[in-house]
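Here the structure comes first, spelled out in structure tokens, and everything after it is commentary.
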Amino acid sequence: MSKSKFQTVYGVRIYPVDYLMSAELTESDLSHLFDTNSLLYSVIIGMYRYIGSKKQNCDIIKDCKKDNKWLAKTKWTDEQFADFENKLTQILKNLYCISDEIALSKAQWFMIQYGLNVKGNNMSFE
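Take the sequence shown: its letter number 63 is residue 63 in my numbering, and every next letter is one higher.
This is the structure we're talking about:
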């Protein structure tokens, strides 16, 4: 990203996961994260970046919006899943000033709801 800490895609601010983890968010950043889908799409894009996707942010968001089974089409390893869940737990803990246990619970819910399939997992979402 350029000098800006976020990129605007379809009117939604997309923040890098590392910035979300830094707990250096401004009041303006927090306002956008809590009043829009910025946090949701920032984390989803972060997942794709984490597994090495080079897709444009706007293409990832388009895929998410047009295909309700998009998450089942991309896979990552158990280790990647666990590591990203830890990152997400830290983000939620910092943003919402909540305990480790509550942040982990929220991260686990998110990963079940929006997380990518784990390689070798043959579960079907149909």
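Think of the CB as a built atom: it goes at the ideal place given N, C-alpha and C, for glycine as much as any other residue.
In this text the structure is predicted, and so the values were computed from the model without any measurement.
Item	Value
Return the chain-ordered list of same chain residues with a C-beta closer than 7 Å to the C-beta of Phe84, the five sequence neighbours on each side being excluded.	Met47, Tyr50
Apart from the five residues on each side of it in sequence, which residues of its chain come closer than 8 Å, Cβ to Cβ, to Lys3?	Reliability fails at Lys3, whose pLDDT of 48 lies under 50, so the model's placement of it is uncertain and the value that follows must be treated cautiously. No residues qualify anywhere along the chain.
Taking the runs of the beta strand (DSSP E) that are 3 residues or longer, which of them lie wholly in the segment 18 to 91?	none
Can you find the residues in the same chain that come closer than 6 Å, C-beta to C-beta, to Phe81, ignoring five residues on each side of it along the sequence?	Val118
Taking the alpha-carbon positions, what's the Met1 to Tyr15 distance?	Only weak support exists for where Met1 lies, its pLDDT of 39 falling under 50; the coordinates are left without a value.
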